[in-house]
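Chemist:
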Amino acid sequence: MTPVSGTGGWTSVQESFMGAWQRNMELKREDLLSFHAVFACVSLISKDIGKLPLELRKQEGSVWVSTKDERFKFLEKPNRFQTMQQFLEYWIISKITRGNTYVLKFRDAFGKIIGLIVLNPDLVKPLVSDAGEVFYQISIDKLAQVGQSLILPASEIIHDRWNCFYHPLVGLSPIVACSLAASQGIAIQKYGSSFFANMSRPSGILTSAGKISDEDAKKIRDAWNQNYSSGNVGKTAILGGDMKYVPMAIPASDAQMIEQHKMSAEVVCSVFNVPAFKIGVGGIPQGQKVEDMNLIYYGDCLQSLIEAIENMLDEGLELKKSGFEAFLNLEALLRMDSTSQMNFYALGVQRGIFSPDEARAKFNYKPVAGGHTPYMQQQNFSLEALAKRDSKEDPFANSKGGKNAADSE
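Okay, so the sequence shown: first residue is 1 according to this note's numbering, each after it adds one.
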């Protein structure tokens with residue numbers, strides 16, 4: 001068996017130009033994650049998906065009904081050290097930051113799945129045999145109770161990945177596409193830190209109209225650095241001999257530091273498909289409701305990740321063979337404002353879609369007598385009944401207030 005090729009997306013980010021590492025200009029993953037826009041996008045997406053309840057549903061007729069099964073108790077508590085919310089958050093964090101998520105099926109002595117553990121992606125390597133079969137090499141991982149290096153078949157690993165540009169078994173993180181923007185943002189923040197540490201005064205040079213010997217220039221430089229730099233910035237300097245101080249560094253206003261920093265954050269948001277206002281970059285779009293903005297965020301950013309989790313669990317746990325499917329409940333994500341929510345369920349009850357008790361349960365109210373069944377007003381008729389009426393020669397002959405009543409007038 002040989003490791004798969006095209007693994008550049010899930011190791012270190014390469015140097016931005018030749019010789020950058022020699023100048024201590026490496027783009028490390030830890031540094032890129034420290035940029036506020038990258039951190040905020042990863043945190044936002046993982047928390048929004050982690051808060052969605054994972055439900056096991058069984059189809060009854062044409063309706064999927066939430067249920068429970070003793071064989072899949074681990075869908076409520078996946079392992080001994082994580083809740084389901086923490087498990088889903090780590091699943092998404094691994095996928096977003098590394099492009100791959102590896103979930104180990106933890107079995108008992110009888111081969112029954114009793115837990116799920118998201119593995120450290122640094123400790124997992126996909127392998128392909130000469131026959132084209134997929135295996136995974138797992139290094140020592142004490143948290144996953146892997147005491148020695150193992151090679152497991154693909155049936156024991158749920159492998160979720162995305163952006164498989166170079167190999168179908170190797171995903172790429174969005175950080176690959178926004179690494180330069182993140183490094184630029186970090187550089188701007190470092191520049192701002194040093195700039196304000198210098199009391200917002202740019203560096204410069206001393207000039208003189210006359211000729212200065214090398215010895216005098218050295219004395220002036222040493223005296224200036226000793227008395228007017230570092231912690232002595234802001235002191236009053238007295239210059240003689242027609243000497244002048246000429247600022248050399250570009251001030252923050254001329255460098256458009258704020259605009260450049262905002263642009264770096266917006267590039268990161270575009271790569272993660274996160275609306276900029278969601279992480280505090282830019283203002284909230286005018287003329288849109290909260291529900292509309294959440295739908296945009298869900299459709300552009302979260303839907304693919306949510307569908308992938310559901311599909312991977314269905315396939316990896318063979319839920320469909322048992323008549324089940326895994327669903328992430330979206331109500332916590334697409335929650336409407338109180339007025340829209342009230343109007344929505346009121347209209348549903350009025351149209352006979354919901355029973356009053358079902359609508360009351362959404363607002364945490366107890367059932368009431370007679371509220372268990374949907375209601376419909378009496379004057380509503382089915383299309384089939386109306387078709388039978390209209391097929392008659394005189395559809396209104398026997399109806400009250402019909403043709404005879406009109407003729408009598």
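Yeah, the Cβ is synthetic: ideal placement off N, Cα and C, and Gly gets one too.
1. Roughly how many whole angstroms lie between the Cα atoms of P213 and I220?
2. Is DSSP giving R80 helix, strand or coil here?
3. Would you kindly work out how many angstroms separate the C-alpha atoms of D141 and L123, rounded to a whole number?
4. Could you have a look at Y102 and say whether DSSP puts it in helix, strand or coil?
5. Consult DSSP for S264 and reduce its assignment to one of helix, strand or coil.
6. Which residue from S355, L302, L386 puts its Cα closest to that of P367?
7. Is it buried or exposed, T97, if we count other Cβ atoms within 10 angstroms and call 16 or more buried?
8. Whole angstroms is fine: what's the gap from V38's alpha carbon to S155's?
9. As a quick exercise: from L333, P374, Y365, pick the residue whose alpha carbon is nearest that of G348.
10. If I measure Cβ to Cβ from V281 and keep anything under 8 Å in the same chain, skipping five residues before and after, which residues do I get?
11. Answer yes or no: do V274 and L44 have a C-beta to C-beta separation smaller than 8 Å?
12. Does the stretch 101 to 116 come close enough to the stretch 55 to 74 to have 3 or more Cβ pairs within less than 8 Å?
13. Is it true that the CB of V103 sits closer than 8 Å to the CB of V118?
14. Once you ignore the five residues that flank G283 on each side, which residues in its own chain have a CB closer than 7 Å to its CB?
15. Can you list, in chain order, the residues of its chain whose CB lies under 8 Å from that of E310, leaving out five sequence neighbours each side?
16. Over what stretch of residues does the beta strand (DSSP E) that includes T67 continue unbroken?
17. V118 bridges to which residues according to DSSP?
18. May I have the straight-line CA-CA distance separating R360 from L383, to the nearest angstrom?
19. Tell me whether L386 is buried or exposed, calling it buried when 16 or more other Cβ atoms sit within 10 Å of its Cβ.
20. Assuming contact is defined by CB atoms lying nearer than 8 Å, are L334 and N294 in contact in what I supplied?
21. In the structure shown, what three-state DSSP assignment does T207 receive?
22. Would you decide whether E89 is buried or exposed? Buried here means 16 or more other CB atoms lie within 10 Å of its CB.
23. If you draw a straight line from the alpha carbon of S66 to that of S322, how long is it in whole angstroms?
Modeler: Let me spell this out:
1. As written in the sequence, residue 213 is Ser, which differs from the Pro given in the question. Approximately 11 Å between the Cα atoms of the pair.
2. coil
3. 7 Å
4. strand
5. helix
6. S355
7. buried
8. 33 Å
9. P374
10. A37, K262, A265, E266, C269
11. yes
12. yes
13. yes
14. F277
15. E325, A326, F327, L328
16. 63 to 67
17. V103
18. 30 Å
19. exposed
20. yes
21. strand
22. buried
23. 14 Å
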